[in-house]
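Line by line, the protein sequences give chains A and B.
For the first sequence, this note's numbering assigns the number 22 to the initial residue and increments by one for each residue that follows.
For the second sequence, this note's numbering assigns the number 132 to the initial residue and increments by one for each residue that follows.
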Amino acid sequence: MLRYLAKKLITLVALLFFVSITVFAVLFVLPGDPAQIILGINATPEALAALRADLGLDKSFWGQYREWVGNLLAGRSHHSIHYKMPVFDLIVDSLAVTGPMALMAMGFAVLISLPLGIYAARNQNRHGDVTVMFFTQLGLATPEFWFGILLILLLSVQLGWFSAGGFPGWAADPIGAFKALLLPAFALGVIRAAILTRLTRSSMLEVLREDYVRTARAKGLRERSVIYVHALRNALIPVLTIMGLQLGQLLAGAIIIENVYFLPGLGRLVFNAIGQRDLPVVRDIVLFMAAAVVVVNFVIDVAYAYVDPRIKIN
Amino acid sequence: MKKAMVIVLVMLVAASLSWAAVETPKKGGSLVLCVGDEPPGLDPTASASAAIDRVVYANIFEGLVKVDRDGKLVPGLAAKWEVSADAKVYTFQLRKGVAFHNGEPFNAQAAKWNLERGAAEGTKNAHPEFFRIIEKIETPDDATLRLTLKEVDALFLFRMAEGDSVMLPMKGFENTAAAPIGTGPFRFLEWKRGDSVSMERNPAYWNPQLPYLDKVTFRFIKDPSAQVAALRAGDVDLIGWLLAPELAKEIGKDKRFKVLSGASTSEVVMSTNNKVKPFDNQLVRQAMAHAIDRKAVIELVMSGYGTIIGSHWPPVTPYYKDLTGRFPYDPKKAKELLAKAGYPNGFDATIKLPAIYPYSQRAGEVIADMLGQVGIKLKIEIVEWGFWLDRIFKQKEFELSMIGHAEAWDIGIYANPNYYFQYDSQEFRDAYAKALKAATEGEKAKWFGRCQEIIAEDAVNGFLFLAPALSAMKAELTNWWQDYPTIALDCTQVWWNK
Numbered sequence: 022m023l024r025y026l027a028k029k030l031i032t033l034v035a036l037l038f039f040v041s042i043t044v045f046a047v048l049f050v051l052p053g054d055p056a057q058i059i060l061g062i063n064a065t066p067e068a069l070a071a072l073r074a075d076l077g078l079d080k081s082f083w084g085q086y087r088e089w090v091g092n093l094l095a096g097r098s099h100h101s102i103h104y105k106m107p108v109f110d111l112i113v114d115s116l117a118v119t120g121p122m123a124l125m126a127m128g129f130a131v132l133i134s135l136p137l138g139i140y141a142a143r144n145q146n147r148h149g150d151v152t153v154m155f156f157t158q159l160g161l162a163t164p165e166f167w168f169g170i171l172l173i174l175l176l177s178v179q180l181g182w183f184s185a186g187g188f189p190g191w192a193a194d195p196i197g198a199f200k201a202l203l204l205p206a207f208a209l210g211v212i213r214a215a216i217l218t219r220l221t222r223s224s225m226l227e228v229l230r231e232d233y234v235r236t237a238r239a240k241g242l243r244e245r246s247v248i249y250v251h252a253l254r255n256a257l258i259p260v261l262t263i264m265g266l267q268l269g270q271l272l273a274g275a276i277i278i279e280n281v282y283f284l285p286g287l288g289r290l291v292f293n294a295i296g297q298r299d300l301p302v303v304r305d306i307v308l309f310m311a312a313a314v315v316v317v318n319f320v321i322d323v324a325y326a327y328v329d330p331r332i333k334i335n
Numbered sequence: 132m133k134k135a136m137v138i139v140l141v142m143l144v145a146a147s148l149s150w151a152a153v154e155t156p157k158k159g160g161s162l163v164l165c166v167g168d169e170p171p172g173l174d175p176t177a178s179a180s181a182a183i184d185r186v187v188y189a190n191i192f193e194g195l196v197k198v199d200r201d202g203k204l205v206p207g208l209a210a211k212w213e214v215s216a217d218a219k220v221y222t223f224q225l226r227k228g229v230a231f232h233n234g235e236p237f238n239a240q241a242a243k244w245n246l247e248r249g250a251a252e253g254t255k256n257a258h259p260e261f262f263r264i265i266e267k268i269e270t271p272d273d274a275t276l277r278l279t280l281k282e283v284d285a286l287f288l289f290r291m292a293e294g295d296s297v298m299l300p301m302k303g304f305e306n307t308a309a310a311p312i313g314t315g316p317f318r319f320l321e322w323k324r325g326d327s328v329s330m331e332r333n334p335a336y337w338n339p340q341l342p343y344l345d346k347v348t349f350r351f352i353k354d355p356s357a358q359v360a361a362l363r364a365g366d367v368d369l370i371g372w373l374l375a376p377e378l379a380k381e382i383g384k385d386k387r388f389k390v391l392s393g394a395s396t397s398e399v400v401m402s403t404n405n406k407v408k409p410f411d412n413q414l415v416r417q418a419m420a421h422a423i424d425r426k427a428v429i430e431l432v433m434s435g436y437g438t439i440i441g442s443h444w445p446p447v448t449p450y451y452k453d454l455t456g457r458f459p460y461d462p463k464k465a466k467e468l469l470a471k472a473g474y475p476n477g478f479d480a481t482i483k484l485p486a487i488y489p490y491s492q493r494a495g496e497v498i499a500d501m502l503g504q505v506g507i508k509l510k511i512e513i514v515e516w517g518f519w520l521d522r523i524f525k526q527k528e529f530e531l532s533m534i535g536h537a538e539a540w541d542i543g544i545y546a547n548p549n550y551y552f553q554y555d556s557q558e559f560r561d562a563y564a565k566a567l568k569a570a571t572e573g574e575k576a577k578w579f580g581r582c583q584e585i586i587a588e589d590a591v592n593g594f595l596f597l598a599p600a601l602s603a604m605k606a607e608l609t610n611w612w613q614d615y616p617t618i619a620l621d622c623t624q625v626w627w628n629k
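In structure tokens, the structure reads:
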């Protein structure tokens with residue numbers, strides 16, 4: 022286990038280094054001057070130069086890179102050019118929105134996809150299966166932002182059950198905050214459930230054909246325990262892999278849905294930061310996201326071992 | 132029965148009379164309004180970004196003078212002022228007993244410090260030239276501020292009403308960008324990054340009658356349909372900027388809401404690179420001016436909201452000269468002019484449109500079609516805002532583009548041959564210099580009018596329309612600004628009639 026952890030840690034560091042160089046280089050050559058974006062088009066050249074110097078943009082490529090990485094290593098958080106506060110605090114604040122939303126979305130996805138996938142597998146090629154597959158096809162073809170807008174039009178504008186977007190904050194209004202995340206999480210979850218349902222179904226079908234399942238049935242076990250105790254555990258391995266990828270993706274890439282529901286989450290933060298050339302924010306968040314994906318994959322690896330004892334971590 | 136009828140009638144008449152009477156504003160309540168762009172910091176003295184002024188100007192911060200709903204100058208922190216006969220000495224009588232939100236007094240010393248700060252070497256103010264024209268600042272007493280200018284500046288007072296010239300406290304100014312402290316009717320509460328800025332009523336405001344509202348929250352919602360959904364679902368009370376014109380009519384039909392359509396100071400122009408061929412030819416530019424049907428542009432792009440312009444000057448600003456008739460829509464004339472310029476069969480060109488303004492993309496498509504009809508075939512390129520600033524604005528790598536110039540009093544950009552449309556005219560520079568030196572109202576009107584004429588005649592840019600100040604709000608919200616003659620969403624006198 023320790024060796025495994027060490028290996029993962031080295032991968033993480035190497036990956037972060039690679040990501041940091043890439044992100045820095047891309048942002049460096051990207052046209053668009055942060056000082057100009059902040060000061061507007063009628064600013065005097067003198068004011069522009071003063072701000073550029075203030076932001077450290079007048080330094081060389083390596084000079085700026087060294088400063089950035091040096092600050093990171095020393096644990097000093099950079100200040101956002103746009104928001105005038107440490108990027109670390111911005112990430113923490115926006116994770117309080119995106120994190121729970123991603124988990125809720127995965128919750129919806131699992132709640133929808135597992136029963137449906139199992140049901141479809143057990144009724145292969147019958148009406149129920151065809152219906153489920155039809156809807157998963159529809160789900161795969163539906164863009165999540167469009168589904169999000171439909172939910173707003175129906176549940177917020179017409180029925181008035183939910184607010185159309187925004188986030189009141191956990192401290193100020195916990196129930197309101199939970200409600201604010203419900204619709205976007207549902208929109209994200211349903212679309213992801215479409216993939217997971219198909220995956221659960223096919224994986225389940227494969228497992229149900231295995232000899233040990235036949236044995237289990239032959240020895241007279243109830244169908245329920247055949248399915249849920251014997252088959253499901255093995256069928257879950259590929260599903261878990263995809264879920265891990267999806268969770269990482271949700272943490273990093275709920276950009277569109279956060280814009281539809283104007284949630285102050287990580288995706289919208291980085292999206293706005295790119296537009297405003299808030300370089301410290303973009304750099305740090307991309308690094309953070311890369312790290313998050315690695316960590317989520319690590320958790321999934323551990324979960325494999327839990328689900329299937331034949332898999333050992335070493 | 133008859134008696135009852137009479138009583139009902141009397142009551143009806145009384146009710147309608149009370150409707151007609153001027154209602155006294157009610158105090159209290161809170162307002163949630165939405166704007167498209169989140170500001171890059173909250174310090175208007177460190178950035179010319181319009182998004183900052185829209186949140187803090189006149190709400191949290193005030194300057195010596197203000198612009199009222201009609202575009203006229205009115206007292207701000209200065210209760211009154213006098214200008215000497217040679218238009219060089221300005222004597223401001225400051226309001227007494229004004230305090231910043233942190234308790235620091237606002238007086239002549241504070242004003243002097245602010246003006247010196249704007250002019251200082253290495254200042255972060257986007258417009259140090261506003262202050263460097265001041266030669267001498269005297270403070271004979273706490274409430275008197277006497278400024279002597281190096282030379283006459285016709286725009287000086289208007290400059291003092293811009294966001295760049297608001298007054299900050301001498302001690303509590305360092306953290307203005309994150310936690311602003313001003314003298315305004317509202318004091319800053321919280322900036323939830325990515326979500327909102329909120330402020331509450333300043334109980335110590337120098338005008339004890341104001342403001343009416345207890346709390347104001349600015350929410351940042353960029354997507355136009357999300358804005359409207361938020362209004363309909365009751366999450367916001369008002370869409371202050373930028374309501375999509377194509378959605379405005381639909382909201383107007385809903386009895387719960389009302390839509391106000393006024394004038395802003397943002398001229399939407401088809402920016403033209405006056406240095407590249409064939410746009411360096413005045414005849415070509417004039418031909419394009421004849422080829423564009425501005426009425427149709429407003430109809431197709433802005434759903435009919437917006438005002439036609441003929442030059443770079445908002446009709447809501449003083450000294451406006453109506454030049455909209457100079458280049459009427461006339462494709463035949465356009466073709467003649469093109470032939471005269473040596474392009475009888477037209478030519479190909481590229482128009483680069485910034486993606487952040489939906490109207491500019493739509494207008495680009497409409498105009499490409501109109502110019503196509505006289506033989507100018509436009510290729511449309513959509514570019515991201517940062518890219519636009521770098522390649523088009525800074526490096527001038529473009530032929531045509533399109534953008535709204537939001538600031539009032541910005542005609543001086545035509546006097547700078549290095550500005551991105553690269554217009555170089557000694558005649559204009561002379562006229563503009565005379566306008567700036569004009570001491571009387573008549574002289575100002577004459578020379579600012581001349582400036583507008585010169586650039587209209589040269590058809591420097593395609594002068595299209597003035598972006599509408601479109602706002603939509605709950606029907607009970609009262610006294611919102613119809614026109615936006617200055618860049619601000621001033622909530623001082625807004626109140627709830629419910």
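The beta carbon of each residue, even a glycine, is placed where N, CA and C say it ideally should be.
Residue i and residue j closer than 8 Å at C-beta
i: Pro-175/B; j: Asp-184/B; result: yes
i: Tyr-436/B; j: Leu-601/B; result: yes
i: Arg-254/A; j: Asp-322/A; result: no
i: Gly-371/B; j: Leu-204/B; result: no
i: Gln-492/B; j: Ile-523/B; result: no
i: Val-367/B; j: Ala-379/B; result: no
i: Val-283/B; j: Ala-218/B; result: yes
i: Lys-401/B; j: Ile-498/B; result: Reading the sequence as shown, one finds Met at residue 401/B and not Lys. Yes; because the gap between Cβ atoms is below 8 Å, this pair is in contact.
i: Asp-326/B; j: Arg-350/B; result: yes
i: Pro-55/A; j: Leu-300/A; result: yes
i: Leu-162/B; j: Cys-622/B; result: yes
For residue j and residue i, the rounded distance between their alpha carbons
i: Gly-160/A; j: Gly-96/A; result: 43 Å
i: Leu-469/B; j: Pro-445/B; result: 29 Å
i: Lys-384/B; j: Gly-186/A; result: 23 Å
i: Pro-205/A; j: Glu-279/A; result: 8 Å
i: Asn-245/B; j: Met-301/B; result: 8 Å
i: Ala-70/A; j: Asn-549/B; result: 17 Å
i: Pro-285/A; j: Glu-538/B; result: 29 Å
i: Gly-149/A; j: Thr-218/A; result: 13 Å
i: Ala-259/A; j: Arg-222/A; result: The question names Ala, but residue 259/A in the sequence shown is Pro. Computed Cα separation, rounded: 11 Å.
Simplified DSSP state of residue i, which is helix, strand or coil
i: Leu-30/A; result: helix
i: Asp-521/B; result: helix
i: Trp-83/A; result: helix
i: Gln-557/B; result: helix
i: Phe-317/B; result: strand
i: Thr-65/A; result: coil
i: Leu-36/A; result: helix
i: Met-127/A; result: helix
Option in the options with minimal Cα separation from residue i
i: Lys-211/B; options: Asp-295/B, Lys-227/B, Gly-580/B; result: Lys-227/B
i: Asp-589/B; options: Ala-308/B, Ala-598/B, Asp-555/B; result: Asp-555/B
i: Leu-414/B; options: Tyr-474/B, Asp-614/B, Lys-389/B, Ala-257/B; result: Tyr-474/B
i: Asp-232/A; options: Thr-218/A, Val-247/A, Arg-222/A, Gly-53/A; result: Val-247/A
i: Gln-297/A; options: Trp-519/B, Pro-156/B, Ala-375/B, Gly-253/B; result: Trp-519/B
i: Val-131/A; options: Leu-242/A, Leu-220/A, Leu-290/A; result: Leu-220/A
i: Ile-439/B; options: Glu-430/B, Leu-431/B, Thr-455/B; result: Thr-455/B
i: Ser-134/A; options: Thr-157/A, Pro-259/A, Ser-115/A, Arg-289/A; result: Thr-157/A
i: Val-591/B; options: Leu-531/B, Asp-614/B, Gln-613/B; result: Leu-531/B
For the stretch 300-331 of chain B, list every residue whose C-beta sits within 7 Å of some C-beta in chain A, in sequence order.
Within the stretch 300-331 of chain B, the residues whose Cβ lies closer than 7 Å to some Cβ of chain A are Ala-308, Ala-309, Lys-323, Arg-324, Gly-325, Asp-326, listed in chain order.
Just by C-beta distance, which residues in the stretch 495-519 of chain B are closer than 7 Å to chain A?
Residues of the stretch 495-519 of chain B with a Cβ closer than 7 Å to any Cβ of chain A, in chain order: Trp-516, Gly-517, Phe-518.
Please identify, using Cβ separations under 9 Å, the residues of the stretch 228-259 of chain B that lie next to chain A, in order along the chain.
Within the stretch 228-259 of chain B, the residues whose Cβ lies closer than 9 Å to some Cβ of chain A are Gly-253, Thr-254, Lys-255, Asn-256, Ala-257, His-258, Pro-259, listed in chain order.
Members of the stretch 334-361 of chain B that neighbour chain A once the beta carbon cut-off is set at 8 Å:
Residues passing the 8 Å Cβ filter: Arg-350, Phe-351, Ile-352, Lys-353, Asp-354, Ser-356, Ala-357, Ala-360, Ala-361.
Note down, in chain order, all residues in the stretch 61-84 of chain A with a beta-carbon under 8 Å from any beta-carbon belonging to chain B.
Listed by position, the residues of the stretch 61-84 of chain A near chain B (Cβ gap below 8 Å) are Gly-61, Ile-62, Asn-63, Ala-64, Thr-65, Glu-67, Ala-68, Ala-71, Leu-72, Asp-75.
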